[in-house]
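Right, one structure below, let's go through it.
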Amino acid sequence: MLDRVETISVDTDIADLIDDARNQVKRSVEALEERKRERDEEAEDDTDWTHIVTQKKEEAPPSAATTNRSVFEDVDK
């Protein structure tokens, strides 16, 4: 987009603004790439699995004799 505006304009002030915009975009891209690298490095360091404790899962005791009751059983009595 900046290239198209640059080809249209002949004013030196506009050319300076376009150069400033290009430089700002370049700095922003570099800052984003640096943040991504830092985040990726942190992600590698955070994989510390020593805090995980494995335990045998206890099964629930079998419930008392389960009966098939009708929802209307109490009403019928």
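Letter by letter, the sequence shown follows residues 423 to 499 of my numbering.
Built from N, CA and C at the ideal position, the CB exists for glycine as well.
Computed from a prediction, not measured in an experiment: that's the story for all the values here.
Check: Contact under 8 Å by Cβ, Ile582 with Glu456; Outcome: What the structure shows of the chain is the stretch from 423 to 499, and residue 582 is not part of that stretch, so it cannot be assessed.
Check: DSSP-derived helix/strand/coil call for Glu425; Outcome: In the sequence on display, residue 425 carries Asp and not Glu. Reduced to three states, the DSSP call for Asp425 is helix.
Check: C-alpha distance - Arg459 paired with Arg444, whole-angstrom precision; Outcome: 23 Å
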